[in-house]
């Protein structure tokens, strides 16, 4: 739902290490500076998280971008809470909108993380698209690797949204088992078919060969 929640759940070992040994001591040392000290502590911590992966400008930019995310999140937290208490409907809308916004902010930062150089990152951002050619007036490229990746991504996204909905609205995490038989078996059937289709798409997709990000260590 927010960048701060994302970093509490993502790369937990590294973020916990830097939180305990960089952010907390630094925040304590500059607490008299107020909000500027908070922002400085966040930026330094996230810059180190980026540089942990390698001494490259794109990694540094990745860390600074997330530092900006966390700074905005932290500086507006109290105001947002007051606003949502006064406007409950806006809070309910944000429950749905927050994960969508956070997802796209993080995906944007991963473009910076993956690019080899800053110009490469901006080139990729300028040319982001569906990867589908429509020059001939058809969508024949949907059957190629790019199209399969799109279908797999959309299917996984819908499954995650469904799983999260059942988790939040189920009876102590037992939403499926609490359904009537017709509903339960519908879920089982749809899940089985979805997994089978995704596996077939994956088997038909040539995955690009790449080096694991931590191979340098």
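Numbering (the working numbering), first residue to last: 282 to 498. C-beta atoms are modelled at their ideal positions from N, C-alpha and C, and glycine is treated no differently.
Find the nearest neighbour of residue i within the set the options, judged by alpha-carbon distance.
i, options, result
"residue 299", "329, 481, 283", "329"
"residue 287", "390, 469, 466, 464", "390"
"residue 351", "316, 378, 363", "316"
"residue 320", "408, 355, 293", "355"
"residue 375", "289, 361, 388", "361"
Please check if any C-beta of chain D sits within less than 8 Å of the C-beta of residue i.
i, result
"residue 435", "Note that chain D does not occur in the displayed structure, where there is just one protein chain."
From residue i to residue j, what does the alpha carbon distance come to, in whole angstroms?
i, j, result
"residue 358", "residue 339", "28 Å"
"residue 471", "residue 465", "10 Å"
"residue 433", "residue 381", "18 Å"
"residue 302", "residue 478", "46 Å"
"residue 308", "residue 318", "7 Å"
"residue 306", "residue 440", "41 Å"
"residue 399", "residue 331", "14 Å"
Quick one: using the 10 Å Cβ neighbour count with 16 as the cut-off for buried, is residue i buried or exposed?
i, result
"residue 322", "buried"
"residue 467", "exposed"
"residue 297", "exposed"
"residue 304", "buried"
"residue 284", "buried"
In its own chain, which residues sit with a C-beta less than 7 Å from the C-beta of residue i, not counting the 5 before and 5 after it?
i, result
"residue 393", "339, 342, 343, 346, 402"
"residue 405", "392, 396"
Which residues in the same chain have their Cβ closer than 6 Å to the Cβ of residue i, if we skip the five residues on either side of it in sequence?
i, result
"residue 324", "348"
"residue 327", "344, 347, 348"
Excluding the 5 residues preceding and the 5 following residue i in the sequence, name in chain order all residues of the same chain whose CB lies nearer than 8 Å to its CB.
i, result
"residue 397", "337, 339"
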